[in-house]
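For what it's worth, UniProt numbering labels the leading residue of the sequence shown as 1, then goes sequentially.
Cβ coordinates follow ideal geometry from the N, Cα and C atoms, glycine included.
Treat the numbers as computed from the prediction; the structure is a model and nothing was measured.
First up is the structure itself, then whatever we jot down about it.
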Amino acid sequence: MQREEWFHRAVIYQVDSSLFYDANGDGFGDLAGIRQKLHYIRSLGATVLWLTPFYLTPLQDDGYDISDHLQPDPRFGTIADVIELIARARELGLRVIVELVIQHTSAQHPWFQAARRDPRSPWRPYYLWADRPPENDDPPMFPGVEESVWRWDEQAGQYYRHMFYHHEPDLNLAHPPVIAEIENIITFWLQAGCLAFVSMPRHIWSSRPERATRRAATRC
Numbered sequence: 001m002q003r004e005e006w007f008h009r010a011v012i013y014q015v016d017s018s019l020f021y022d023a024n025g026d027g028f029g030d031l032a033g034i035r036q037k038l039h040y041i042r043s044l045g046a047t048v049l050w051l052t053p054f055y056l057t058p059l060q061d062d063g064y065d066i067s068d069h070l071q072p073d074p075r076f077g078t079i080a081d082v083i084e085l086i087a088r089a090r091e092l093g094l095r096v097i098v099e100l101v102i103q104h105t106s107a108q109h110p111w112f113q114a115a116r117r118d119p120r121s122p123w124r125p126y127y128l129w130a131d132r133p134p135e136n137d138d139p140p141m142f143p144g145v146e147e148s149v150w151r152w153d154e155q156a157g158q159y160y161r162h163m164f165y166h167h168e169p170d171l172n173l174a175h176p177p178v179i180a181e182i183e184n185i186i187t188f189w190l191q192a193g194c195l196a197f198v199s200m201p202r203h204i205w206s207s208r209p210e211r212a213t214r215r216a217a218t219r220c
């Protein structure tokens, strides 16, 4: 018989970090605002708080275009705000899970900027490049906006792949250094508090699923 995990009976309350509650009056939802409303969320019977991305972002796609996975966007708050929010949530019996977008980055991410400048850059293989788009590739996620999943980059002199918007280049999830970067990101946020993650491509851990699962399970 399969052991029941905490998430099997969880009541999850999802919060759009940019819209939920503005604590400092700047017109933008923030982590402090979410913290102030934790009692309300708990009173609804929620046992898990699900946060949408709050990482550094140009905000071209509601925060899903991340330019630094290890830093909260100042509009949302600081690392201290994240830690305080998680600690207070735990006091109230709320687990915190966050969306970790690792299928792509923002085109403004330092990795992509370094990759497009130099074909010999160690960051070049972090992304998917081609001299010409392959035939019969996947259709774009947003066909009314993007014509293809490939975009010509003048500076790079090649096409790069983007399943979503052209300003969100796909990461090469088969490249070991990319997997190592993602592991570092996960470890960083686990050490910030008791977090689990959603929106992670299942195949990212195909080569090492047990280690990743064990690490997350022991911290949550």
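Please name the residue in the options whose C-alpha comes closest to that of residue i.
i	options	result
L85	H166, P122 and F54	F54
H175	H8, A32, T57 and I102	I102
S121	G29, A156 and F142	A156
residue 279	I97, L171 and L92	Outside the displayed range of the chain (1 to 220) lies residue 279, so it cannot be described from this structure.
H104	R132, Q2, H167 and S43	H167
L56	A130, A10 and A107	A107
L59	S43, F28 and H39	F28
A23	H109, D65, Y127 and D81	D81
S67	Q191, W111 and W6	W111
R124	R95, V145 and Y160	Y160
L92	R42, D153, A130 and L128	R42
Per DSSP, what are the beta-bridge partners of residue i in this structure?
i	result
D170	H104
R151	Y160
A180	None, per the DSSP bridge assignment.
E99	V198
N130	Reading the sequence as shown, one finds Ala at residue 130 and not Asn. In the DSSP output, where bridge partners are listed per residue, A130 has Y159.
What's the C-alpha gap between residue i and residue j?
i	j	result
K37	H8	25 Å
I34	E181	29 Å
F76	D30	4 Å
R90	F20	19 Å
F164	V149	7 Å
R116	H162	14 Å
A10	P133	44 Å
R151	A32	38 Å
V178	N172	7 Å
P169	I83	30 Å
E99	W189	11 Å
N184	P119	25 Å
A114	G45	46 Å
C220	E4	Bear in mind that the predicted position of C220 carries a pLDDT of just 38, short of 50, making it too unreliable to give a figure here.
I79	Y64	18 Å
A192	Y40	24 Å
T47	R88	13 Å
Give a yes or no on whether 8 Å exceeds the smallest Cβ distance from residue i to chain C.
i	result
Q108	Looking for chain C here will not work: only one protein chain is present.
Which ranges would you report for the beta strand (DSSP E) in the stretch 6–94 if only whole runs of at least 3 residues count? 12–15, 48–51 and 68–72
With a threshold of 8 Å, are at least 3 pairs of Cβ atoms found where one atom belongs to the stretch 51–70 and the other to the stretch 9–16? yes
Are three or more beta carbon pairs between the stretch 69–76 and the stretch 135–146 nearer than 8 Å? no
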